[in-house]
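Chemist:
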Amino acid sequence: MVIDRKARIIEVQDWDDYFLFRLESPEIARLSQPGQFIMIKVSETTNPLLRRPISLHNCTGREVEIFFQIAGKGTRLLSQKKAGDILDILGPLGRGFSIKNEFKGKEIFCVGGGRGIAPLYYLARELSAAGARPVIFYGGRTSADLPLKSRFEQADWEVKVSTDDGSLGFSGLVTSLVESELRHRTPTFLFACGPEAMMEKLAEICRKENLPAEFSLESIMGCGLGACWGCVKKIRRNGETKYLKICQDGPVFSRDEIVWQEKENG
Amino acid sequence: MVDLSVDLGFLKLKNPVLAASGTFGYGLEFKPFYDLELLGGFVVKGLYFNPREGNLPPRLIETPSGLINSIGLQGIGVEAFCREILPELAELDTAVIVNVCGEDEDEYARVAEYLSRFKGIAALELNISCPNVREGGRCPAQSSDATFRTVKKVKEVTPLPLITKLSPNVTDIVSIAIAAEEAGSEAISLVNTFLAMAVDIETRKPKLGNVIGGLSGPAIKPIALRMVFQVARAVKIPVIGIGGIFTAEDALEFMMVGASAIEVGTANFVDPDACLRIIQGMEKWAENHGIKNISEIIGSLKI
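Written out as structure tokens, the structure reads:
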């Protein structure tokens with residue numbers, strides 16, 4: 002079920018180029034799963050033309066939250082919206098993260114890089130509700146890239162942060178932080194969302210540690226509905242390697258399915 | 101009450117609005133948004149005989165009021181389509197048109213012949229104009245001879261009406277349209293996308309994985325409109341107008357210059373119910389102008 006609705010912005014929070022919107026959308030709040038996304042119309046004109054795919058950051062009762070970074074013209078326009086404005090949204094879309102029964106009582110690593118942290122709040126909430134213990138890894142280039150740190154900490158989850166420049170938390174890549182934690186911890190599963198280089202490295206670490214994992218991919222999308230075949234990624238599944246749609250077959254794929262560096266066509 | 105139906109001769113449409121191939125999936129993707137039977141019809145995504153992988157990503161780049169795509173006709177192939185999708189489409193009371201592709205003339209014929217064995221297909225749209233499947237964007241629609249040969253060959257193997265879809269990437273689109281008509285095509289649809297590209301100035305690389313792609317969207321509408329105008333005056337068979345149609349007003353312009361029906365493409369991505377909005381807008385316009393049959397406006401341009 003996909004809903005095409007107007008949603009009122011209830012509240013806007015901003016940190017430089019990061020934004021958190023709280024929207025009133027009871028249908029999407031009711032139907033959604035962590036890892037799903039919505040397509041947002043950012044302009045009433047034809048420039049920019051397409052909607053923007055934005056992942057769901059949180060869903061409660063009648064409200065959904067989105068967290069995004071200005072990455073171009075479309076997200077810049079979106080960032081200029083104010084509380085009270087009405088957004089045209091389409092969703093919930095895509096296949097989200099798999100929360101399994103056997104996670105109960107187990108430690109689950111959730112790794113977010115930069116704006117990739119967005120879907121992990123909703124995910125961690127659902128993991129907690131399922132009796133699992135999420136451990137949040139939140140990496141950024143500098144401390145300014147970690148605006149949601151306190152939000153995750155307030156939720157009473159273990160939160161580990163890293164910055165490439167050492168301005169906050171562990172100094173270095175978040176992948177190195179995860180790797181060092183894995184020396185003395187044995188989580189049951191790892192979820193991640195962030196830059197592809199980060200996720201590719203995590204996939205490699207997880208394979209070495211025999212740790213199952215899922216990754217959420219980002220892409221430019223034409224429609225978000227599976228109609229245009231514009232947002233594909235090479236995926237190994239059922240003995241075949243072929244282009245699957247990030248919007249419909251993803252955005253979440255499992256550890257060994259994703260062909261990270263595709264060099265050639267065919 | 102406005103009569104929105106249009107008669108293409110070989111096919112009567114309940115209204116002039118068709119969803120364009122490549123922008124509407126196999127149709128069923130849009131079922132959650134509205135009753136597909138409200139459409140004049142829809143053209144399902146181009147089919148080769150076998151499944152096809154399509155082009156290296158990135159496949160989409162936005163430009164001002166436009167979209168460049170280089171999908172490369174990824175798809176499930178004609179057999180899977182007829183087995184898994186067509187039975188459901190065949191139940192619909194609307195014109196289901198199938199877009200037919202081929203690596204060569206034989207494959208076009210093979211796909212058309214296979215489709216002809218099934219019920220529920222109103223017409224075939226012959227896609228001789230995709231810019232994304234051969235090097236340099238070449239396609240049969242760039243040559244009158246290749247167009248004539250391809251249409252002729254397909255005509256020989258199928259009783260289904262043919263709509264030949266033309267490329268705008270030619271010096272003289274009228275001569276290509278005439279070649280299609282002479283080969284027996286029942287209708288012409290135009291235009292496919294305009295060859296285009298975009299460059300990332302930091303990496304100095306093309307923004308599309310396939311280097312070049314096809315531009316669609318409001319940016320191309322005035323050029324598409326001019327081409328439909330020229331072709332509609334030159335051929336006797338019906339013309340279906342395509343190119344950046346986003347509103348009822350756009351659709352009406354195409355009909356006034358001679359299109360008997362129109363296809364809505366890129367707009368489906370932005371608003372899944374774009375076709376419906378356009379149908380409603382046309383009806384309202386006709387009401388406001390005291391027009392009882394929408395077909396009255398076809399070719400009604402005053403020069």
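Taken in order, these protein sequences are the chains called A and B.
Letter by letter, the first sequence follows residues 2 to 267 of our numbering.
Letter by letter, the second sequence follows residues 101 to 403 of our numbering.
We treat Cβ as the ideally placed atom computed from N, Cα and C, and that holds for glycine.
Keep in mind that this is a model prediction, so the values were computed, not measured.
1) When the Cα atoms are used, what is the spatial distance from Q70 of chain A to I90 of chain A?
2) Taking Y244 of chain A as the query, report the chain B residues whose CB atoms sit under 7 Å from its CB, ordered along the chain.
3) Checking contacts by CB at 9 Å: is I221 of chain A closer than that to chain B?
4) Do V253 of chain A and G36 of chain A have their C-beta atoms closer together than 9 Å?
5) Using a C-beta to C-beta distance shorter than 7 Å, which residues of chain A count as neighbours of T123 of chain B?
6) Specify whether the region 165-180 of chain A and the region 201-211 of chain A touch according to this definition: at least 3 beta carbon pairs, one from each stretch, less than 8 Å apart.
7) Applying a beta-carbon distance threshold of less than 7 Å, which residues of chain A neighbour V102 of chain B?
8) Just verifying my parser: in three-state terms, what is the DSSP assignment at G267 of chain A?
9) Between the Cα of I221 of chain B and those of B:V254, B:E235, B:P261, B:C201, spot the shortest distance and give me the residue it belongs to.
10) Between B:L224, B:V257, B:A279, which has its C-alpha nearest P240 of chain B's C-alpha?
11) In the DSSP assignment, what are the bridge partners of T303 of chain B?
12) For K384 of chain B and S80 of chain A, what's the separation of their Cα atoms in angstroms?
13) Report all residues from its chain with a CB closer than 7 Å to the CB of L60 of chain A; omit the five preceding and five following residues, and keep chain order.
14) Given that V253 of chain A touches chain B, what residues does it touch there, using C-beta distances under 7 Å?
15) Exposed or buried, what is G267 of chain A when buried is set at 16 or more other beta-carbons lying within 10 Å of its beta-carbon?
16) Can you tell me whether R70 of chain A is helix, strand or coil according to DSSP?
17) Of all Cβ atoms in chain A, is any one closer than 9 Å to the Cβ of K145 of chain B?
18) How far does the beta strand (DSSP E) with S163 of chain A in it reach, from first residue to last?
19) In whole angstroms, what separates the C-alpha of R9 of chain A from that of E159 of chain A?
20) Measure the alpha-carbon distance for P116 of chain B versus L139 of chain B and round it to whole angstroms.
21) How far does the beta strand (DSSP E) with W261 of chain A in it reach, from first residue to last?
22) Which two residues bound the contiguous alpha helix (DSSP H) that contains L262 of chain B?
23) Measure the CB-CB distance between I276 of chain B and Q242 of chain B and report whether it falls below 9 Å.
24) Confirm the yes/no value for this check: CB of V117 of chain B, any heavy atom of the ligand MG, distance under 8 Å.
25) Work out the CA separation of M199 of chain A and W261 of chain A for me, nearest whole Å.
26) Between S339 of chain A and L218 of chain A, what straight-line distance do the alpha-carbon atoms span, to the nearest angstrom?
27) Among B:F369, B:I378, B:T366, which one has its Cα closest to the Cα of M355 of chain B?
28) In the DSSP assignment, find the alpha helix (DSSP H) that holds C190 of chain B and state where it starts and stops.
29) Residues of chain A with CB closer than 8 Å to the CB of F346 of chain B, please, in chain order.
30) Answer yes or no: does any C-beta atom of chain A fall closer than 9 Å to that of S243 of chain B?
31) Closer than 8 Å by beta-carbon distance: list the chain B residues that pair up with K234 of chain A, in chain order.
32) Please check the pair G195 of chain A and G97 of chain A, which I expect to be a contact at CB under 8 Å, by giving their CB distance rounded to whole angstroms.
33) Report the partner residues of K7 of chain A according to the DSSP bridge assignment.
Modeler: Inspection of the coordinates gives the following:
1) Those two C-alpha atoms are separated by around 18 Å.
2) E153, G154, Q174
3) yes
4) yes
5) Those are A228, C229, listed as they occur along chain A.
6) yes
7) Ordered by position in chain A, no residue passes the 7 Å Cβ test against V102 of chain B, which lies about 26 Å from the chain.
8) Its pLDDT being 37, under 50, G267 of chain A is placed unreliably by the model, and the measurement read from it follows with that caveat. Correct three-state label for G267 of chain A: coil.
9) The residue with the shortest Cα to Cα distance from I221 of chain B is B:P261.
10) B:A279
11) The partner list for T303 of chain B (beta bridge, DSSP) is empty, contrary to what the question assumes.
12) 36 Å
13) Residue identity check: residue 60 of chain A is Cys in the sequence provided, not Leu. These residues qualify, in order along the chain: A30, S33, Y123.
14) Residues of chain B passing the Cβ test: none, with the nearest at roughly 18 Å.
15) Annotation note: pLDDT 37 at G267 of chain A (below 50); position unreliable, coordinate value reported separately. Burial call: exposed.
16) Note that residue 70 of chain A is Gln in the sequence shown here, rather than Arg. Residue state, collapsed to three classes: strand.
17) For K145 of chain B, at least one C-beta of chain A is nearer than 9 Å to its own C-beta.
18) 159-164 is the span of the beta strand (DSSP E), which, as asked, contains S163 of chain A.
19) 33 Å
20) 8 Å
21) From DSSP, W261 of chain A is part of no beta strand (DSSP E); its letter is neither H nor E.
22) The continuous stretches of alpha helix (DSSP H) do not include L262 of chain B, which lies in the beta strand (DSSP E) extending over residues 262-265.
23) yes
24) This structure lacks the ligand MG; in fact it carries no ligand of any kind.
25) 11 Å
26) Residue 339 of chain A lies beyond the range of chain A shown here (2 to 267); nothing can be said about it.
27) For M355 of chain B, the closest of B:F369, B:I378, B:T366 by C-alpha to C-alpha distance is B:I378.
28) Residue identity check: residue 190 of chain B is Ala in the sequence provided, not Cys. Its alpha helix (DSSP H) spans residues 186-190.
29) T47
30) no
31) Chain B residues near K234 of chain A: P157.
32) That belief does not hold up - the Cβ atoms of G195 of chain A and G97 of chain A are roughly 16 Å apart, past 8 Å.
33) A:D89
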